[in-house]
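Asker: Per UniProt numbering, residue 1 is the first one in the sequence shown, and the count goes up by one each step.
Glycine included, C-beta positions come from ideal geometry on N, C-alpha and C.
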Amino acid sequence: MAMTLPKGIPTLKAHGTGNYTRTDNVFCSTPLAKSFITCNTTPDMRPPCTDHMPIISTLDLGLGRTTQAQRRVWRATNWGEFRRTLTTELANRPPNPLRTPEEVKEEIKAIDEAIDTAVHKHVPLSKPCPHSKRWWNPGLSKERRLTQKMQRASYAHRHIPEHPAHEMARTMRNRLTEKIRKTKEQHWRSWLQGLTETDVWTAQKLVAGPASDGGKTRMPALRTDTGTRTAHAVTTDEEKAKILHAEFFPPKPPHSLVPDQQTYPEPVYRWKPLSDTIIYAAIAKLKPYKARQPGTAPNCVYIYNAAQLVPRLGRVFRAGDRLGYYPREWNRIHTVVLRKPGKASYETPASYRPIVLAKGHMSIENAARNLQVTTEVELAGILPQSQFGARPGRATTDALHVVTKIAKDAWRREQVASVLCTDVKGAFPSVDLDVLTHELRMAGIPRQHTDWIQRRYAGRKAIITFDGYTSEPIDVENGLDQGDPHSGLLWLIYNSGLAKIPDRKQGEHDVTFVDDETLIATGKDFKETHQKIRDMLERPGGLAEWARSHNTTFGPAKYQLVDLSRRRVKKPFQPNKTMPEPRPDMKLGSHKIISAPAVKLLGVWIDRELRWKEQAAAAIAKGHTWLNQVSRLARPSHGVGPPEMRRLYLATCVPRMLYAADVFLTTTRHNSEEGTIPTAGALPKLRSIQRRAAILITGGMNTTPTDALDIHARLLPIHLQVKKTRHRAAVRLATLSKVHPLHGAVHNAAARYVKRHRTPLHELMHEFDLHPRQMEDIRPIRQPADWRPQIKIASRTTKETAIAQERSDPAKWKVYTDGSGIDGQIGAAAVLYHNGTIKAIARKYMGTDDQHTVYEAEGIGLNLAIGLIAEQRDLQGSVSIYADNTSAIDATRSRMPNPSHYIWDALDSATTRLRQIKPTVEITIRWSPGHMDILGNEKADEEAKAAAMSRTTNPRRTDPLLHKSLHGTLPFSKSANVQAYNAALKARANADWKKSMRYNRLGKLLPNAPTNKFQKLTKDIPRRQASILTQLRTGHAPLASHLHRIGKNESPRCQACQLENETVAHYLLACPAHEAARRLMNEDGGPNTRDITKLLSSPKITPHLMRYISRTKRFTRTMGEVDQIEGIDTTTRRGDNHGTRQRPHTSRC
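1. For G603, tell me which candidate among L588, F664, S631 has the shortest Cα-Cα distance.
2. My parser needs the beta strand (DSSP E) runs of 3 or more residues fully inside the region 358-431; what are they?
3. Per DSSP, what are the beta-bridge partners of H52 in this structure?
4. Specify, as a first and last residue, the run of the beta strand (DSSP E) that W927 falls within.
5. Counting pairs of beta carbons, one from the region 117-124 and one from the region 79-95, are three or more of them closer than 8 Å?
6. Just checking my contact of A499 with P643 at CB under 8 Å: how many whole Å lie between their CB atoms?
7. Any idea what DSSP makes of D24, helix, strand or coil?
8. Per DSSP, what kind of secondary structure is A651 in: helix, strand or coil?
9. Candidates T202, A281, R913, S430: which alpha carbon is nearest N366's?
10. Which parts of the region 942-1008 are runs of the alpha helix (DSSP H), unbroken and 4 residues or longer, counting only runs that do not cross its ends?
11. Suppose you measure from the CA of R635 to the CA of D585; what does that come to, to the nearest Å?
12. Under a Cβ-count criterion, where at least 16 other Cβ atoms within 10 Å of its own Cβ denotes burial, should L244 be classed as buried or exposed?
13. So is S471 buried or exposed if we call it buried at 16+ other beta carbons inside 10 Å?
14. My guess is that A1040 and P1052 are in contact by the Cβ rule of under 8 Å, so how many angstroms apart are they, rounded?
15. Drop a sphere of 10 angstroms on the beta-carbon of N671, count the other beta-carbons inside from all chains shown, and report buried for 16 or more, exposed for fewer.
16. I need the boundaries of the alpha helix (DSSP H) containing T202, first residue and last residue.
17. Whole angstroms are fine: how far does the CA of I355 sit from the CA of E239?
18. Rounded to whole angstroms, what is the Cα-Cα separation between G497 and W605?
19. With distances taken Cα to Cα, identify the nearest neighbour of L1080 among G542, K7, M1106.
20. Tell me where the beta strand (DSSP E) around P580 begins and ends.
21. Looking at N370: is its Cβ nearer than 7 Å to the Cβ of H550?
22. According to the neighbour-count rule (16 or more other Cβ atoms, all chains shown, within 10 Å of its Cβ), is A940 buried or exposed?
23. From what residue to what residue does the alpha helix (DSSP H) around V123 run?
24. Tell me the residue span of the alpha helix (DSSP H) that contains H1044.
25. Tell me, which residues are paired with P354 by DSSP?
26. What three-state label does DSSP hand L1095 in the structure shown?
27. I'd like the list of long-range same chain contacts for P899, defined as Cβ closer than 8 Å, with 5 residues on each side in sequence excluded.
28. What's the C-alpha gap between E942 and T911?
29. Would you mind sorting L532 into buried or exposed? The rule is 16 or more other CB atoms within 10 Å of its CB.
30. For Q790, which residues in the same chain have their Cβ closer than 8 Å to its Cβ, ignoring the five residues on either side in sequence?
31. Less than 7 Å separating the beta-carbons of Y816 and G827?
32. Does the region 722-734 come within contact of the region 1021-1029, defined as at least 3 CB pairs closer than 8 Å?
33. From what residue to what residue does the beta strand (DSSP E) around S820 run?
34. Suppose contacts are defined by Cβ-Cβ distances below 7 Å. Is I382 in contact with H509 by that definition?
35. Can you tell me which of the three DSSP states I781 falls into?
36. How about the region 524-543 and the region 581-598: do they share at least three Cβ pairs that are nearer than 8 Å?
Written out as structure tokens, the structure is:
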């Protein structure tokens, strides 16, 4: 070893004596010593809080520095200007005929150039400095330079101990340390206090991430198994890229796995080229700022400029199908390497996963193809019923409901069930593209689409990116792109053969969620169920054979087995005692699969007896983890405001804790007033978590009662929040369409409440008294992929313009529609005018407001309008339909599976038939503002109210073209059911609050619960002021009376006046020590400041209250300086500095 730091150079100055010593040194190996250029200390750069001097070594290692590329700030784009520039640039590049691949290339180049020009003009660049810190400012830079200058002087006079430079250097170093601490603290407190609705999610991401020093995580040396005892370590980026490529993209099988001379069935649907309608619909579903391949346009460019780009791109996509052409540059994919979360070590390639970033145009085509094929596949019913992942209208909890239903149905037959959880290793990258094409043709996918897939993946090259390194393009012969929207559907068709393995008549089942395959077997005992699972794995045509024929592997080491039964047997040698039925392990070849007490399936722990204790504990742990993370964002004296904290709790913590609550938070029925309550063991712990969350939201003291915290935080009590979550899930289940595998199970569960082994479906339907046969069915796919609305909609304008347009509308025929709710009843009406004269009226009574909504009534009104138009034999030309509900108008163009969509589907069908009957009629729906003295609107509103109040329907006027689903009694609305139940929960919470012992004291401040009055009161004030308001309103404030009550103060007496106990009322209204400050508050705020209720609840008086608190200095110890509210005169007034007589406090708080 060689010492590279020269002799005689000190490295430490002792704090106590000021002596210079050498406690540090630098040694290196002899070969490395040749690379040292300099090695010396820099005393002037000695940082605060240490007596060691920095040692700077300069080595010539020949390593390049990673440069940070400039990025476009897409969120700061002016899209109006961008759109105008893009329109001009595209007009300067007229479209080509697209008769050859070369012309297609030129068209793509023209589109790219137009986009690039607009991007360079209107999208700003950002290049953040990798060394900067958010809290650093120029003042600190100046202070650091002065400190370094004085430290250089101190080091120069190191041989003169009494020189004043030493003391000045120490003083300036300490001052820099204190300034850094205060600046950092002030910056983060100000940042948290000023968070907007968008920024609060950034804060959530920061605190929820793993512990880090703020630096970028880099990939360590990768170790690969070379077949020997010693693993080979790979250190260079080039070698890492090769290893990762081999891990991410398995090679193609040496021999074809496709059967020879295969005859394919006829396609199940007719193939159509991509229409502009499909491309528009696909773009509308995209996330605007999702990452794309560097140098290409992100989704926001297509979303905000769809009208300019879709016509040109549609021609390109259709020409590619016609010419059999796919641009080669689109097949060059960028693969970003990400860490798999939760791995113990990241030194193996298996600890990483690839995410593909596609080019902009390519991603649009993939999304459009995916929408087209998904729609056709779902309408044709190609996919197996047992597949749940990556399909519209299906959720992870649906798969869990299927598993529990199979198990409990078996228990009712005195049988047991075994569940084996497996997953495919590297599912998407392992796909054999030839086998995929074969499976698609066997499923009935048209050949034109499989040809496009072959062009799409032919000649693919991957560029792997990690740690700032970008590899050379590497050939990829196999696999699907991870992260591509179309890959999910292709994988479902690829593995659809797994559904054919179980023999359901023999008690064999399976549940598939993307690459997770769950095998379920039922039988008289576990020996039989294990044999059935083993048979499904090993028999001809079983899981193992399917894996071999599809180039995939299932890792037995990751298999999870759980045996489900509540049967008990007598203990050996103890006949009077019983024990759970023994669960033997399952042997699978050379592997032994242990029967676990619980296994994790789709994020939920399934235990042996379906008691859900492990899952309840996991849910509670998620809540505590969230609290520990987010508690750093809010303190009583500073941090995120109450509205933002409440939003974080409801949007992140509650969904995590109550995920799958409809499955595991089963209920126990009893005869108390509460009806049904969740599992008793979990509820108190969930209540404790919500209590801590409410303290974070409000800034209240830990002693504050839970009900008072919930009301101030505008939260439902936790047992009602659980009911709300379970009810929403139950209503979703009750409105599943007939194509869903749980449709029949839900209907059967609602029809009969079995005595033994009830499933969660039984509990849900009967707890909330739901009758699925009376509810609407919500279909996941409403219309074909190329569906276009049949009704023209006029562009929406301002109220004034809309009124003027209605009055100047030249149409001779006008129909005014409306829906209305009055006295708990819902009605709809349509009034037809001809040249200003009423020609016909149609009304329909729909039902009560807990069965239907006004939004539905608006849709029914539109249907009635079509019926009135169809009745008029002499009607022709243009017809205007006026509606005052913008949501109902927008719904005519929606294809989403929203509640009550059957009404708008019926409207679309009726309009199509009307155009066939009256081809000369042109219908336009227009918006007319309600209650603005528009004669037709007022008449329609009057008729809708009449229909609701009289509970009658005009049947003669509703027959023509009215869809059969709209005749008679309409199915109950999902939205109305949810709204009615939520209103009942609020009424229940209000009743519980009025029974509380705290109501007598807080009832004047909070007469009803839940309420948003306190949220409005604290919306625009600093965090510490909101916390003080909470504490004063609840009476749990750091005042002597309360501190004495909780054992934190020796006496309840006011320390300022020593006359009375220091209660909230005494401090605010009576304490003579604060009389001068109180007089100023009364003068500024008026007589209402003498009323404690108004003083603590009026937004107008709150600023004056905070000035009073600031003058008294009473909360300075716990809250710091109480800041003034913006907009209030904070100039010093008479008495501001001597408004109180302060005595020392003896609190032990």
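Answerer: A quick look at the data gives this:
1. In the sequence shown, the residue the question calls residue 603 occupies position 603. The option with the nearest alpha carbon to G603 is F664.
2. 416-423
3. Position 52 of the sequence shown, counting from 1, holds the residue named residue 52. According to DSSP, H52 bridges with L12.
4. For this step, residue 927 is matched to residue 927 along the sequence shown. Taken as a continuous stretch (DSSP letters only), the beta strand (DSSP E) holding W927 covers 921-927.
5. yes
6. Start at 1 with the first residue of the sequence shown, and residue 499 comes out as number 499. Start at 1 with the first residue of the sequence shown, and residue 643 comes out as number 643. Not quite, the Cβ-Cβ distance comes to about 48 Å (not below 8 Å), so this is no contact.
7. Residue mapping note: residue 24 aligns to position 24 of the sequence shown, counting from 1. Here D24 sits in coil by DSSP.
8. As a position in the sequence shown, residue 651 is number 651, starting the count at 1. Helix, per DSSP.
9. Position 366 of the sequence shown, counting from 1, holds the residue named residue 366. When each option's Cα is compared against that of N366, the closest is A281.
10. 974-995, 999-1002
11. On the sequence shown, position 635 is the one that residue 635 refers to. On the sequence shown, position 585 is the one that residue 585 refers to. Spanning the two alpha carbons is a distance of roughly 51 Å.
12. Within the sequence shown, the letter at position 244 stands for residue 244. Buried, since its Cβ has 16 or more Cβ neighbours within 10 Å.
13. Here residue 471 is taken as the residue at index 471 of the sequence shown, counted from 1. It counts as buried.
14. One-based indexing of the sequence shown puts residue 1040 at position 1040. One-based indexing of the sequence shown puts residue 1052 at position 1052. That belief holds up - the Cβ atoms of A1040 and P1052 are roughly 5 Å apart, short of 8 Å.
15. In the sequence shown, the residue the question calls residue 671 occupies position 671. Because N671 carries a pLDDT of 41, less than 50, the predicted location of this residue cannot be relied on, and the following value inherits that uncertainty. N671 is exposed by the Cβ-count criterion.
16. For the purposes of this step, residue 202 is taken as residue 202 along the sequence shown, with counting starting at 1. Taken as a continuous stretch (DSSP letters only), the alpha helix (DSSP H) holding T202 covers 199-208.
17. As a position in the sequence shown, residue 239 is number 239, starting the count at 1. As a position in the sequence shown, residue 355 is number 355, starting the count at 1. So the two alpha carbons sit approximately 19 Å from each other.
18. Taking the sequence shown and counting its residues from 1, one reaches residue 497 at position 497. Taking the sequence shown and counting its residues from 1, one reaches residue 605 at position 605. Spanning the two alpha carbons is a distance of roughly 27 Å.
19. Here residue 1080 refers to the residue found at position 1080 of the sequence shown. Checked all of G542, K7, M1106; the closest Cα to L1080 is M1106.
20. The residue given as residue 580 occupies position 580 in the sequence shown. It spans 574-580 - the beta strand (DSSP E) in which P580 sits, taken as one unbroken run.
21. Against the sequence shown, residue 370 aligns to sequence position 370. Against the sequence shown, residue 550 aligns to sequence position 550. Their beta carbons are not under 7 Å apart, which means N370 does not touch H550 by this criterion.
22. For the purposes of this step, residue 940 is identified with residue 940 of the sequence shown, where counting begins at 1. Answer is buried; the Cβ neighbour count reaches 16.
23. Counting from one through the sequence shown, the residue named residue 123 turns up at place 123. Here V123 belongs to no alpha helix (DSSP H), and DSSP marks it neither H nor E.
24. Counted from its first residue, the sequence shown places residue 1044 at position 1044. Unbroken alpha helix (DSSP H) run through H1044: 1040-1045.
25. Within the sequence shown, the letter at position 354 stands for residue 354. BP columns for P354 point to V337.
26. Within the sequence shown, the letter at position 1095 stands for residue 1095. DSSP places L1095 in helix when its eight states are reduced to three.
27. Counting from 1 along the sequence shown, the entry for residue 899 is found at position 899. Excluding positions up to five away in sequence, the list reads T735, E776, I778, S973, K974, S975.
28. Walking along the sequence shown from the start, residue 942 turns up at place 942. Walking along the sequence shown from the start, residue 911 turns up at place 911. Roughly 26 Å between the two C-alpha positions.
29. As a position in the sequence shown, residue 532 is number 532, starting the count at 1. The identity of residue 532 in the sequence shown is Lys, whereas the question assumes Leu. K532 is buried by the Cβ-count criterion.
30. Working through the sequence shown from its first residue, we reach residue 790 at position 790. Cβ neighbours of Q790 beyond the five flanking positions: D908, T911, T912, R915.
31. Counting from one through the sequence shown, the residue named residue 816 turns up at place 816. Counting from one through the sequence shown, the residue named residue 827 turns up at place 827. Not closer than 7 Å, so no.
32. no
33. Position 820 of the sequence shown holds residue 820. Its beta strand (DSSP E) spans residues 813-822.
34. In the sequence shown, the residue the question calls residue 382 occupies position 382. In the sequence shown, the residue the question calls residue 509 occupies position 509. No.
35. Taking the sequence shown and counting its residues from 1, the one referred to as residue 781 is at position 781. If DSSP states are grouped into helix, strand and coil, I781 belongs with coil.
36. yes
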